[in-house]
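Count along the sequence shown from 1, add 556, and you get the number used in my numbering.
For reference, the structure is listed below as structure tokens.
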Amino acid sequence: MRQHSHHGTLASACLAALLSGVLPADVSLRYPSPPRADVSEDYHGVVVADPYRPLEELDAPATRAWVEAEAKLTHGYLAGIPQRAALHSRLLALYSYGRCGVPFTAGGRYFYAANSGHEGQSRLYAAAALDATASVAVDPNALSPVGIVNERSGYVASRDGRLIAYGVSPGGSDWTEWRIRDLTTGQDLPEMLRFTKYYAPVFTRDGKGLYYSAFPAPKPGAELSTPDLEDAVYYHELGTPSSADRRVLYDQTHADWQYQPNLSDDGRWLVVRVGEGEVGDKGRENLYLLDLEAPTPAAVPVVEGFEAAYNYVGSEGGRLYFLTSLEAPNGRVIAIDPASPAKTNWRSVLPEGPDAIDLNESSVTLVDHQLIVQSLHDAHSRVVRYGLDGSERGEIALPGPGTARGFGGRADDRETFYSFNDLVTPPTVYRLDLESGRATRWRAPRVAFDPGAFEEEQVFYPAKDGTHIPLLLAYRKGLKLDGDNPLLLEGYGGFGISNLPRFEPSRIAWLEMGGVFAVASIRGGGEYGEAWHRQAILTHKQLVFDDFIAAAEWLIARHYTSTPRLAIHGRSNGGLLVGACMTQRPELFGAAIPQVGVLDMLRFDRFGQGAGWEGDYGSPQDPGQFRALYAYSPVHNVRAGVRYPATLIITADHDTRVMPMHSFKFAAALQAAQAGDKPVLLDVTLNAGHGGGEALAQSSALDIYSFLAHNLAMRSR
557 MRQHSHHGTL
567 ASACLAALLS
577 GVLPADVSLR
587 YPSPPRADVS
597 EDYHGVVVAD
607 PYRPLEELDA
617 PATRAWVEAE
627 AKLTHGYLAG
637 IPQRAALHSR
647 LLALYSYGRC
657 GVPFTAGGRY
667 FYAANSGHEG
677 QSRLYAAAAL
687 DATASVAVDP
697 NALSPVGIVN
707 ERSGYVASRD
717 GRLIAYGVSP
727 GGSDWTEWRI
737 RDLTTGQDLP
747 EMLRFTKYYA
757 PVFTRDGKGL
767 YYSAFPAPKP
777 GAELSTPDLE
787 DAVYYHELGT
797 PSSADRRVLY
807 DQTHADWQYQ
817 PNLSDDGRWL
827 VVRVGEGEVG
837 DKGRENLYLL
847 DLEAPTPAAV
857 PVVEGFEAAY
867 NYVGSEGGRL
877 YFLTSLEAPN
887 GRVIAIDPAS
897 PAKTNWRSVL
907 PEGPDAIDLN
917 ESSVTLVDHQ
927 LIVQSLHDAH
937 SRVVRYGLDG
947 SERGEIALPG
957 PGTARGFGGR
967 ADDRETFYSF
977 NDLVTPPTVY
987 RLDLESGRAT
997 RWRAPRVAFD
1007 PGAFEEEQVF
1017 YPAKDGTHIP
1027 LLLAYRKGLK
1037 LDGDNPLLLE
1047 GYGGFGISNL
1057 PRFEPSRIAW
1067 LEMGGVFAVA
1077 SIRGGGEYGE
1087 AWHRQAILTH
1097 KQLVFDDFIA
1107 AAEWLIARHY
1117 TSTPRLAIHG
1127 RSNGGLLVGA
1137 CMTQRPELFG
1147 AAIPQVGVLD
1157 MLRFDRFGQG
1167 AGWEGDYGSP
1177 QDPGQFRALY
1187 AYSPVHNVRA
1197 GVRYPATLII
1207 TADHDTRVMP
1217 MHSFKFAAAL
1227 QAAQAGDKPV
1237 LLDVTLNAGH
1247 GGGEALAQSS
1257 ALDIYSFLAH
1267 NLAMRSR
């Protein structure tokens, strides 16, 4: 809404360009001239030129004109690809299937997001029983102005199920406005929680108010560039103006700290995780408790010093349960008495095991007075139930190697729900009876393809140092290892985030065209716990790129593909991965797609969430870390006279997490340096942020797979 109004000019300029004619994809490209300046900075005695610094001014007339020209060029190129029309029709069919999210319950009601396959975003439904007729509780498609509701964290119900808070991101940015709907009347309450990011609010047990985390209002026109500083926890009492909200936790001496609030099941304890930057990014948090029954609740430190992760699991019998990496890189579960929270009083519930528990997900839940633990076994899910005394109650059988998500609920619930998917199986929702341990399928989508036509294969390849790295592949049955298969390799490799099997409708079109898909679980992620993550951070970040390059070399050596037929793709930190690998080994790849990537490693910390990434990347202000960053920073390692692979650089005009300037600078540098005949294109998605809704994913997929189909010489379907 208002905080994004300055982007009307940029969006309008791009939209006008999209209305122009079609450019045949095989003609010589003339790249527009970007604004330049004679700018350089001295980093610890090294003078670094930054000629494209003006592109950081997103709404400057010169930047807008350049983006408009780039949009015209890119649209003309993509529209002229012969395979695009057939691919567009196939993607429409693949995305047009009915699907349902994992249900949650409140006040005796069931809530779940569902989509018939024809809505831009899924609607939230409410029903009195699982088999009862459901009614629409929230329809994001009807919002005015249109905003994106994040299905994963975008709905929070009051305990009695009468109120639903839902987060709306205008333009798809990380800035989120939380609205509150009274389900009795079907109307939103007049108040709104504004200037939040990343963290969902929590209702008090009586439903009379909410605790939430928010930043100061950014200056108009600076929404994308404003650093994430001065976050705090506030309390909002329903029926009062937001201006009267009370700040309950804030540390003015640490402006970079961010706060994630949680509430114990009895409503007494406000549990606040605190990160240096985004909570969870560094895998190191402080932990504070506020006794809401005290006359004047004050924050009591439980853990300070950012020594380990502390993910709140739930509460039972006056104890608070946490998943922690303290003295356990693979994760363990502890119980804390909030009345006596000293470490000496902590109780170990589940010790560290051989498989990692993902610290970036809700991997441990407390439902039906038991713990449900989702661990990772060779980069796929394993789920086991435990008693609160640590005794094992049995493993939950999954349909195969894939990814299970869900298992939410409260301590007194007797059932829970989860979804399962893999590379070629769309998410299927199951109901788990926690008394019997029996799981039954609740909702399975009907899709416009035959999953049996494809197969998945997990292999392990040796990294440069000999470490075995999991590599998951999907392809049409009957694949011939003749080195002539188009192959798309993806990776991430950062922040302890695990790369697990995940279904994507557009990938089916790629497989149907004869493409192979591969995802490498490289170091820097969390597939094998915090030790796997921390091997490849700070001055050791190059290990991430070495692991990914080794995957590409292995696939070529085993004749799955060859260089002219090999493409790489990654998003966000994965965009950095692609940018670094294609500048280090341009001869190895036929095509590269860095999407919403972090590409200027000397200025990433000056915008948006960037300062919070220093735990993984390091700081350009540190001499040793600067040298490592400078050595792989994609923007700074583009070299004139090099033949780079065909490249499609994708960003979004409302990306407040990774500022578009990263992609702008990389595109300008790469276009100027390209010595070969392969295209270098900039694709700016309008009214979108770092993530995106279903319609946005479909649009992005059409551009990606059209580009790859043409540049890897794939046939039409």
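Don't be surprised by glycine CBs; every beta carbon is placed ideally from N, CA and C.
Quantities reported herein were computed from a predicted structural model and do not represent experimental measurements.
For H792, no alpha helix (DSSP H) encloses it; the enclosing beta strand (DSSP E) starts and ends at 788 to 793. Beta-bridge pairing by DSSP links P638 to no other residue. W734 carries a strand assignment under DSSP once its states are collapsed to helix, strand and coil. V835 carries a coil assignment under DSSP once its states are collapsed to helix, strand and coil. Taken through DSSP and simplified to helix, strand or coil, Q1140 comes out as helix.
A distance below 8 Å separates the beta carbons of E733 and L749. Between the alpha carbons of A912 and E1083 lies a distance of about 7 Å. Between T1119 and L1111, the C-beta spacing is not below 8 Å.
For E626, the secondary structure class from DSSP, reduced to helix, strand or coil, is helix. Spatial neighbours of P1042 in its own chain (CB-CB distance under 6 Å, excluding positions within 5 residues in sequence) are listed in chain order as G1071, R1121, L1268, M1270. For F660, the uninterrupted beta strand (DSSP E) run begins and ends at 660 to 662, by DSSP.
Between G1047 and F1104 a beta carbon distance of about 5 Å is seen, short of the 8 Å cut, so the two are scored as contacting. Following the DSSP letters along the chain, one finds A1065 inside the alpha helix (DSSP H) bounded by residues 1061 to 1068. Residue pairing by DSSP puts I1206 in a beta bridge opposite Q1151, D1239. Less than 8 Å separates the beta-carbon of L634 from that of D1259. Residues of the same chain with a CB within less than 6 Å of the CB of P957, apart from the 5 flanking positions on each side, are H936 in chain order.
Annotation: F1163 is outside any alpha helix (DSSP H) and is labelled neither H nor E by DSSP. A Cβ-Cβ contact shorter than 8 Å links W998 with F973.
In its chain, beyond the 5 residues on either side, E908 have a beta carbon closer than 7 Å to the beta carbon of A884. Comparing alpha-carbon positions, the option among H1192, D1040, A1076, L819 lying closest to G1130 turns out to be A1076. Taken atom to atom, the span from the alpha-carbon of L680 to that of I637 is near 38 Å.
Remark: C-beta atoms of R840 and E863 approach each other more closely than 8 Å. Below 8 Å, enough C-beta pairs join the region 1224 to 1242 and the region 1194 to 1208 to call them touching: three or more. If you draw a straight line from the Cα of L1185 to the Cα of V980, it is about 37 Å long. When DSSP reads this structure, F1073 sits in a beta bridge with A1030, L1044. Excluding its 5 nearest sequence neighbours in each direction, D606 has C-beta neighbours in its own chain below 6 Å: V595, listed in chain order.
With respect to the C-alpha of S881, the residue from D914, R715, F771 having the closest C-alpha is D914.
In this structure, A1065 lies away from L648, with their beta-carbon atoms at least 8 Å apart.
DSSP places M1217 in the uninterrupted alpha helix (DSSP H) bounded by 1217 to 1229. Going by C-alpha positions, R949 is about 13 Å away from L906. Spanning the alpha carbons of G1050 and R715 requires a straight line of approximately 36 Å. Cα atoms of V658 and E971: separation of roughly 12 Å, rounded to the nearest angstrom.
Looking at G943, R646, L629, the one whose alpha-carbon comes closest to that of S1255 is R646. Its Cα nearest to that of S919, the residue L879 stands out among I890, E951, L879, K1234.
By DSSP's assignment, G765 forms a beta bridge with E793. Of the candidates S820, A778, S769, Q1098, the residue whose Cα lies closest to the Cα of S798 is S769.
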